[in-house]
Amino acid sequence: MNDYRYHYMFTTFDIETFDLEDFKYNSVNITAFRLVDVEDKRVSEKLAQMEKFQPIGQSILNRSGIIQAESALMFDSVYVFAKGLAALDQGHVLKPANLSCELEHPWEDGLSLYNYLNTASLHGLTGHIEFTEGRRSGFKLDLLKLKREQLQMVGQWNMGQGVNITDPAAFYESSVNNITLIVMTRAEKPYVMVREDKNLTGNSRYEGFCIDLLKSIANQVDFNYDIRLVPDHMYGVYDPESKQWNGIVRELMDK
């Protein structure tokens with residue numbers, strides 16, 4: 010399960026912190042999203058500052074200088090709270106008060122602090138930070154793909170526009186170079202037809218719409234193929250008695 014035939018979609022935002030050494034050279038397809046854009050100068054400067062401090066316990070950054078998404082979100086949470094609290098302190102006289110965890114008596118300045126947090130607009134480790142009705146909005150995710158033996162950004166996602174692929178070729182790069190695909194089909198006019206010339210061999214024995222389409226796709230994607238006709242001339246019918254399929258379906262199952 011570690012070659013060009015497999016495509017893995019990682020749901021974690023920490024793909025860059027993983028050791029992908031076993032996958033880099035086998036043409037395996039790996040796609041993931043990234044929350045922390047380490048290529049952003051503002052982010053790299055913050056991470057560089059973090060490296061100057063002697064960590065207590067487990068290191069915040071890994072060897073490649075990448076921070077995990079959970080740590081980045083925690084940093085941004087404290088950052089936003091500090092900014093909101095500072096803004097509140099400038100416009101109000103804070104009145105610290107002892108509160109009980111058992112009684113439903115809120116802090117008098119709590120609503121004001123919430124409003125300041127809700128109007129925050131700043132840039133953190135996880136990108137632009139702003140809120141709409143208490144929920145984060147306006148953020149983006151980078152789309153990453155394992156390509157040329159390293160992870161590269163090939164697109165972005167945001168709440169307004171959805172997915173924007175900036176490198177479409179990354180999803181059509183041939184991982185099947187020097188590999189011959191077996192194309193199983195059946196003769197049916199005008200899609201697949203057998204030429205009358207008995208001296209022809211290989212794929213040249215066939216013509217038709219699907220044959221022309223297959224040839225065009227193979228030229229664009231760059232792969233080889235071998236056309237074969239199914240022996241029983243059937244697409245595939247299930248026999249409930251034998252519990253077996255025939256036709257093209259059977260050929261695919263046997264492969």
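Per my numbering, the very first residue in the sequence shown carries number 10; after that it's consecutive. Each residue gets a CB set at the ideal place from its N, CA and C atoms; glycine is no exception. Nothing here was measured: the structure is a model prediction, and the numbers come from that model.
Check: Bridge partner(s) assigned by DSSP for LEU202; Outcome: According to the sequence shown, residue 202 is Met rather than Leu. DSSP output for MET202 lists GLU216 as bridge partner(s).
Check: Closest by C-alpha distance to LYS50, when choosing among ALA196, GLU197, LEU134, ILE174; Outcome: LEU134
Check: Nearest-angstrom Cβ-Cβ length linking GLN165 and LYS149, presumed shorter than 8 Å; Outcome: 5 Å
Check: Beta-carbon proximity check, GLY93 vs LEU131, cutoff 8 Å; Outcome: no
Check: Inter-residue Cα distance where the pair is GLU25 and LEU56; Outcome: 15 Å
Check: Per-residue burial, ARG43 [other beta carbons within 10 Å of its own, 16 or more giving buried]; Outcome: buried
Check: Per DSSP, cross-strand counterpart(s) of ARG195; Outcome: ARG195 is not bridged to any residue.
Check: Per-residue DSSP class, three states only, for GLU117; Outcome: coil
Check: Burial state of GLU197, where buried means 16 or more other Cβ atoms lie within 10 Å; Outcome: exposed
Check: Completely contained alpha helix (DSSP H) runs for the stretch 17-72, where each covers 4 or more residues; Outcome: 50-60
Check: Three CB pairs or more closer than 8 Å across the stretch 107-117 and the stretch 74-81; Outcome: no
Check: Buried or exposed by the 16-neighbour rule on C-beta atoms within 10 Å, applied to HIS194; Outcome: Here residue 194 turns out to be Thr, not His, going by the sequence shown. With 16 or more other Cβ atoms within 10 Å, it is buried.
Check: C-beta contact flag for VAL203 and TYR215 at 8 Å; Outcome: yes
Check: Where the beta strand (DSSP E) through GLN165 begins and ends; Outcome: 159-167
Check: Cβ-Cβ distance between GLY217 and ASP241 below 8 Å; Outcome: no
Check: Nearest-angstrom beta carbon gap, ALA95 and VAL45 [assumed within contact, 8 Å]; Outcome: Actually they do not touch by this definition, with Cβ atoms about 24 Å apart.
Check: Nearest candidate by alpha-carbon position, reference ASP85, set LYS224, TYR15, ARG145, THR141; Outcome: ARG145
Check: Sequence-distant residues of the same chain with beta carbon closer than 8 Å to TRP254, five excluded per side; Outcome: GLY245, VAL246, TYR247, ASP248, MET262
Check: Straight-line Cα distance separating TYR15 from TYR200; Outcome: 30 Å
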